[in-house]
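Numbering (the working numbering), first residue to last: 1 to 281.
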Ligand code: HXC
């Protein structure tokens, strides 16, 4: 287990090309921040100078993830707020207000909270369908809505380098596929939502983009989707390996750093070209 004196080795989650301190004074607000992918994204941003607030439904998990992420950089401030359900606007508003009063604002938002399961369409209940739409799509909207005023302030404060929102989506809806109607519909909505923000808030200095990860090794998604078929899966990915959190983090840094200033309304797929041959998540 890592500690303040023995943090996770940065080379395991970030490329060496990114200069230290590029995110100094920036504040990240992340939903789903206790999860495998988003906690690693936030760790990378914190390592490069940011402070952060991660929110999740489970209080212990959020606090433990925040403490772990804080070891990435001496002096880092990382707030873990639990009991936040992205389906509830009031939970998000309260978390945003704690983030702003403790850390001083919000410059980057990662909307990563998601929930899903595989189920045949004929067995999918209306409530099950609604649950995934509510968490993935409504949760993304609620996150954008709750943080928007702060993103606008950030865009004005750091022209070309603040006011960024990143949605975590998927590739499964590019073609659709069996057993995941609720996920396909929700993630298509997330991509559309991001594009709308890009169009309407672009003139006010905000960028909105999507990262669509493929199968990322070691994550809950990998374990749940491919528990017995990992070897077969690796053989099929055109790039010849599964993705890593490091791959997702490097794309995240690119989009949130000032080199990403003119990148707005895009989807960055990080899947080794897997979706093109039908390996979609
Ligand atoms: C069919 C299911 C189901 C399943 C839940 N439901 N799990 N239906 N197959 N495996 C149905 C329930 O029966 C209920 O419908 C409705 O969904 C709501 O379920 P609740 O448990 O009451 O909802 P809630 O507690 O809010 O849970 C939300 C959730 C849950 C999305 C259903 O799975 C969740 O919270 N997951 C969070 C963690 C997670 O999913 N991580 C995955 C990240 S990886 P009825 O009709 O009975 O009332 C990832 C990659 C893809 O997303 C993974 C694909 C497998």
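By construction, the Cβ of each residue, glycine as well, lies at the ideal position given by its N, Cα and C atoms.
Predicted model only: the values in this text are computed from it and were never measured.
Quiz item: Residues in its own chain within less than 6 Å of residue 52 by CB, not counting five upstream and five downstream?
Solution: Within the same chain, and ignoring the five residues on either side of residue 52 in sequence, the residues whose Cβ sits closer than 6 Å to its Cβ are 28, 42, 46, 78.
Practice problem: State the start and end residues of the unbroken alpha helix (DSSP H) segment that holds residue 110. | Solution: First-last for residue 110: 108 to 111, but that is the beta strand (DSSP E), not the alpha helix (DSSP H).
Quiz item: Quick one, which of 140, 73, 49, 72 has its alpha-carbon nearest residue 92's?
Solution: Of the listed residues, the one whose Cα sits closest to residue 92 is 140.
Self-check item: Residue from 67, 183, 249 whose Cα sits closest to the Cα of residue 131
Solution: Check the Cα spacing between residue 131 and each of 67, 183, 249: the tightest is with 183.
Quiz item: Do you know whose CA, among 236, 118, 153, 112, lies nearest residue 290's CA?
Solution: A question about residue 290 goes unanswered here, because the residues of the chain that appear run from 1 up to 281.
Quiz item: In or out: residue 264 buried (at least 16 other Cβ within 10 Å) or exposed?
Solution: Buried, because 16 or more other Cβ atoms sit within 10 Å of the Cβ of residue 264.
Self-check item: Nearest residue (CA-CA) to residue 158, options 57, 23, 254, 3
Solution: The option with the nearest alpha carbon to residue 158 is 23.
Quiz item: Hey, is residue 230 close to the ligand HXC, as in C-beta under 6 Å from one of its heavy atoms?
Solution: Residue 230: no, Cβ never under 6 Å from the ligand HXC.
Exercise. Please indicate yes or no: does the CB of residue 125 lie closer than 6 Å to some heavy atom of the ligand HXC?
Key: True, at least one ligand heavy atom lies under 6 Å from that Cβ.
Quiz item: Using 8 Å as the Cβ pair cut-off and three pairs as the minimum, do the segment 120 to 137 and the segment 220 to 232 touch?
Solution: Counting C-beta pairs closer than 8 Å gives fewer than three between the segment 120 to 137 and the segment 220 to 232, which falls short of the contact rule.
Quiz prompt | Beta carbon of residue 243 nearer than 7 Å to that of residue 277 | solution = A distance of 7 Å or more separates the beta carbons of residue 243 and residue 277.
Practice problem: Ignoring anything shorter than 4 residues or poking outside the segment 179 to 239, list the alpha helix (DSSP H) runs there in chain order. | Solution: Whole alpha helix (DSSP H) segments, 4+ residues: 181 to 201, 220 to 226, 230 to 236.
Exercise. Check whether the Cβ atoms of residue 56 and residue 21 sit closer than 7 Å, and answer yes or no.
Key: Taking 7 Å as the cut-off, the Cβ atoms of residue 56 and residue 21 do not count as close.
Exercise. Report the rounded CA-to-CA distance for residue 76 versus residue 40, giving the unit in angstroms.
Key: Counting only the Cα atoms, residue 40 lies some 15 Å from residue 76.
Practice problem: Could you check if residue 102 is buried or exposed, using at least 16 other CB atoms within 10 Å of its CB as the buried criterion? | Solution: Exposed.
Practice problem: In angstroms with no decimal places, state the Cα-to-Cα distance between residue 100 and residue 260. | Solution: One C-alpha to the other measures close to 24 Å.
Quiz item: Are residue 34 and residue 65 close, meaning C-beta to C-beta below 7 Å?
Solution: It is a contact, given that the beta carbons lie within the stated cut-off.
Practice problem: Could you tell me which residues DSSP pairs with residue 281 in its beta bridges? | Solution: None, per the DSSP bridge assignment.
Quiz item: Nearest chain D C-beta to residue 224 closer than 7 Å, yes or no?
Solution: The structure shown contains no chain D; it is built from a single protein chain.
Quiz item: Just curious, the alpha helix (DSSP H) that residue 96 is in, first and last residue?
Solution: Start and end: 89 to 103.
Quiz item: Quick one, are the C-beta atoms of residue 246 and residue 13 less than 7 Å apart?
Solution: Yes.
Exercise. Scan the segment 1 to 67 and note each continuous alpha helix (DSSP H) run of 4 residues or more that stays entirely inside, going in chain order.
Key: Runs found: 36 to 47.
Quiz item: Taking DSSP as the reference, what is the three-state secondary structure of residue 282?
Solution: Examination of residue 282 is not possible in this model, given that the chain is present from 1 through 281 alone.
Quiz item: Is the beta carbon of residue 131 within less than 6 Å of some heavy atom of the ligand HXC?
Solution: Checking the Cβ of residue 131 against the ligand HXC gives yes.
Self-check item: Span of the beta strand (DSSP E) around residue 165
Solution: Run containing residue 165: 164 to 168, per the beta strand (DSSP E) assignment.
Quiz item: When DSSP labels each residue in this structure, what does residue 115 get in the three-state scheme?
Solution: Coil at residue 115, not helix or strand.
Quiz item: Helix, strand or coil for residue 176 per DSSP?
Solution: Residue 176 sits in coil when the DSSP states are folded into three classes, being neither helix nor strand.
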